[in-house]
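Numbering (my numbering), first residue to last: 1 to 144.
Quick look at the structure:
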């Protein structure tokens with residue numbers, strides 16, 4: 001029994017650290033993408049969205065990565081100094097299912113430093129080629 005308690009504490013500690021590391025990794029993935037989306041960078045979209053993506057928009061439309069990327073063909077990223085609206089993430093929650101992760105967060109849209117819109121987003125992420133990519137995405141307009 002004396003050996004069991006330290007072992008349980010060690011397992012709990014490892015699990016908590018692993019979950020914390022995973023949340024930090026996915027938070028960085030989302031924040032990097034949102035910066036790229038704010039400056040309209042096609043490469044940020046290409047790296048973030050997985051092949052096979054199903055995207056359900058807040059307007060009720062559904063499409064895949066190919067359709068999403070068509071809207072970004074021949075687009076040059078904006079100069080960050082020219083950007084008026086920046087996207088951010090709040091209340092990030094990560095749920096790990098081994099090699100698949102579910103992320104919930106509140107997407108914010110801020111103009112001149114003032115948040116003007118909020119969306120509840122849920123993404124299902126898979127790790128491919130050493131990076132997390134969104135395989136399924138749902139966006140809903142926040143009513144509060």
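Glycine included, C-beta positions come from ideal geometry on N, C-alpha and C.
From this set, the options, which residue's C-alpha is nearest residue i's C-alpha?
i	options	result
residue 64	116, 82, 45	45
residue 99	119, 53, 128	128
residue 85	123, 122, 109	109
residue 119	95, 87, 78, 131	87
residue 141	59, 126, 20	59
residue 115	37, 89, 25	89
residue 105	49, 47, 121, 113	121
residue 107	61, 68, 143, 67	143
residue 50	103, 34, 131	131
residue 138	66, 33, 61, 20	61
residue 77	57, 21, 20, 33	33
With 16 as the cutoff for other CB atoms within 10 Å, does residue i come out buried or exposed?
i	result
residue 91	exposed
residue 133	buried
residue 97	exposed
residue 36	buried
residue 24	exposed
residue 123	buried
Thinking C-beta only, is residue j closer than 9 Å to residue i?
i	j	result
residue 39	residue 80	yes
residue 136	residue 27	no
residue 75	residue 42	yes
Quick check on DSSP: helix, strand or coil for residue i?
i	result
residue 15	Confidence at residue 15 is low in this model, with a pLDDT of 48, below 50, so the placement of that residue should be treated as unreliable; the coordinate-derived value is given next. Residue state, collapsed to three classes: helix.
residue 92	strand
residue 110	strand
residue 36	helix
residue 56	strand
residue 21	helix
residue 142	coil
residue 73	coil
residue 29	helix
residue 8	Legend: pLDDT at residue 8 = 42, less than 50; position of this residue unreliable, value from coordinates given subsequently. Helix.
residue 66	helix
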